[in-house]
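Here the working numbering runs 250 ahead of the position in the sequence shown, where the first position is 1. Quick reminder that beta carbons are idealized off the backbone N, C-alpha and C, glycines included.
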Amino acid sequence: QQHATGELAVRMLNEYLLFGRGLLRVAQERWDEAEADFREIGRRHDVWGLTRPLTPWRSACARVRLAMGDREAARELAAAELELARTWDTPKAIAIATHAYALTADGDEAIDGLAEAVALLDGTPWRLDRAAARCDLGSALRRAGRRREGREALTYAMDEAHSCGAEPLSERAADELRAAGARPRRRALSGVD
């Protein structure tokens with residue numbers, strides 16, 4: 251019998267389970283295990299001859315490498331995924347890869363990349379991805395001394411993350427808002443809440 255904590259049979263359907271398990275391990279800061287799950291997806295793609303970024307494993311792995319302090323490897327992974335996403339002209343994959351690539355940059359390059367990711371996600375149903383990109387954009391703007399712009403992005407990120415039920419992301423946006431000099435009193439700016 252297969253278990254979600256062990257090795258998973260080499261079947262296409264298990265790619266999504268591997269990706270989800272990797273994301274859980276990221277949330278738990280189990281970096282080595284998360285990276286192993288993401289790289290296993292890549293290994294399977296190689297075996298199957300898949301180049302289309304069905305799951306953004308390279309972007310996820312890039313975030314892990316960033317958390318582990320390896321910016322160069324993170325940048326290579328994100329750049330490779332961005333190239334593949336553009337080749338396949340997959341809008342969501344392009345936005346996610348653009349976001350990951352921007353996280354490997356500094357200063358204006360990071361801000362421009364994050365703003366591009368937000369723009370790519372505007373008007374789409376991918377609200378959680380948009381909230382995450384806006385949160386990172388707001389953080390980058392705050393660090394660059396552009397507090398007013400940062401607060402605006404962070405406020406939208408906090409509200410959208412809250413409406414998605416993504417409380418850890420909503421809390422991170424609220425923490426960044428406080429660091430930017432705001433005093434958020436509530437998470438929801440619209441809707442029933």
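Practice item. Let me know the beta strand (DSSP E) ranges lying completely inside the region 363-406, each 3 residues or longer, listed in chain order. Key: Here no run is fully enclosed.
Review point. Given arginine 315, which residues of its chain have a CB within under 8 Å of its CB, disregarding the five upstream and five downstream residues?
Key: Position 65 of the sequence shown, counted from the first residue, corresponds to residue 315. Cβ neighbours of arginine 315 beyond the five flanking positions: Glu285, Arg321, Ala323, Ala324, Leu327.
**Study point:** Whole-angstrom distance between glutamate 421 and arginine 428, CA atom to CA atom
**Key:** Stepping through the sequence shown from its first residue, residue 428 is reached at position 178. Stepping through the sequence shown from its first residue, residue 421 is reached at position 171. Rounded to whole angstroms, the separation of the alpha carbons of glutamate 421 and arginine 428 is 11 Å.
Exercise for review: Within the same chain, show all residues whose beta-carbon is closer than 7 Å to that of alanine 355, passing over the 5 residues directly before and after it, in chain order.
Suggested key: Along the sequence shown, read from residue 1 onward, the residue named residue 355 stands at position 105. Contacts found: Gly363.
Point to revise | Same chain, Cβ closer than 6 Å to arginine 377, five either side skipped, listed in chain order | key: In the sequence shown, the residue the question calls residue 377 occupies position 127. Sequence-distant partners of arginine 377 (beyond 5 residues in either direction) whose C-beta falls short of 6 Å from its own C-beta, in its chain, are Glu410, Cys414.
**Study point:** Local conformation of leucine 300 per DSSP, three classes
**Key:** For the purposes of this step, residue 300 is taken as the residue at position 50 of the sequence shown. Coil, per DSSP.
Check your understanding: What number of angstroms, rounded off, separates the C-alpha of glutamine 252 from the C-alpha of leucine 371?
Key -> Position 2 of the sequence shown, counting from 1, holds the residue named residue 252. Position 121 of the sequence shown, counting from 1, holds the residue named residue 371. Residue placement at glutamine 252 cannot be trusted, given a pLDDT of 45 that sits under 50; what the coordinates show is reported in the next sentence. Answer to the nearest angstrom: the Cα atoms are 36 Å apart.
Point to revise | Local conformation of glycine 357 per DSSP, three classes | key: On the sequence shown, residue 357 is found 107 positions in, with the first residue counted as 1. Helix, per DSSP.
Review point. Is DSSP giving glycine 415 helix, strand or coil here?
Key: Along the sequence shown, one-based indexing puts residue 415 at 165. Looking at glycine 415 - three-state DSSP - the assignment turns out to be coil, as it is neither helix nor strand.
Check your understanding: Taking DSSP as the reference, what is the three-state secondary structure of glycine 431?
Key -> Walking along the sequence shown from the start, residue 431 turns up at place 181. In the structure shown, glycine 431 sits in coil (DSSP, three-state: anything other than H, G, I, E or B).
Point to revise | Alpha carbon of isoleucine 346 to alpha carbon of alanine 394, nearest angstrom | key: In the sequence shown, counting from the first residue as 1, residue 346 sits at position 96. In the sequence shown, counting from the first residue as 1, residue 394 sits at position 144. If I take the Cα positions, the gap works out to 23 Å.
Review point. Hey, how far is the Cα of leucine 332 from the Cα of glutamate 417?
Key: Looking up residue 332 in the sequence shown gives position 82. Looking up residue 417 in the sequence shown gives position 167. Between leucine 332 and glutamate 417, the C-alpha separation is close to 28 Å.
Point to revise | Minimum length 4: unbroken alpha helix (DSSP H) runs contained in the region 314-347 | key: Taking only runs of at least 4 residues, the alpha helix (DSSP H) segments lying wholly in the region 314-347 are 321-338.
Point to revise | Close beta carbons around alanine 367, own chain, < 7 Å, minus the five adjacent residues each side | key: What you label residue 367 is simply residue 117 of the sequence shown in a count that begins at 1. Residues of the same chain with a CB within less than 7 Å of the CB of alanine 367, apart from the 5 flanking positions on each side, are Ala345, Thr348, His349, Ala352, Ala383 in chain order.
Check your understanding: Is the CB-CB distance between alanine 343 and proline 306 below 8 Å?
Key -> Taking the first residue of the sequence shown as 1, we reach residue 343 at position 93. Taking the first residue of the sequence shown as 1, we reach residue 306 at position 56. A Cβ-Cβ contact shorter than 8 Å links alanine 343 with proline 306.
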